[in-house]
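Colleague: The structure is given below, and queries will be raised subsequently.
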Amino acid sequence: MEILKQPLITEKISGLNEKGVYGFIVEKTADKLQIKNAVEKTYGVKVVSIRTMRYAAKHKTRYTKNRIVSGFTNSFKKAIVQVADGEVIDFYGEI
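Here the sequence shown stands for residues 12 to 106, numbered as in our numbering.
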């Protein structure tokens, strides 16, 4: 099972990158210890703290020409990871 799904690249998180804080979309069932081990193994950094947030699915309705389409957005879990001082995760090096 892949714990880290994708990095969060938003304006707010990018501003915190200078302070050693990074965001990730993670598996919904992952706990903090699993997230810490996955980040340390993948990026080779020392993780100091982790904060997690769970987002529930939202009900959405669209009105189209043929009919009303109703459904839900995906639910997901976010992890905000702080690494040790002086360590950096480079998301843009692979691009």
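Positions of the beta carbon are idealized from the N, C-alpha and C atoms, including for glycine.
Nearest CA to the CA of Thr21: which residue from Ala95, Glu98 and Ile91?
Modeller: Minimum Cα distance to Thr21 is reached at Ile91.
Colleague: Do the region 42 to 53 and the region 66 to 76 make contact, defined as three or more Cβ pairs closer than 8 angstroms?
Modeller: Short answer: they don't touch.
Colleague: For Gly34, count the other beta carbons within 10 Å of its own beta carbon; 16 or more makes it buried, fewer makes it exposed. Which is it?
Modeller: Buried is the call here.
Colleague: Can the beta-carbon of Glu98 be found closer than 8 angstroms to that of Val32?
Modeller: Taking 8 angstroms as the Cβ cut-off, Glu98 and Val32 do not qualify as a contacting pair.
Colleague: With C-beta atoms as the reference, is Lys52 less than 8 angstroms away from Val37?
Modeller: No, these two residues do not count as a Cβ contact at 8 angstroms.
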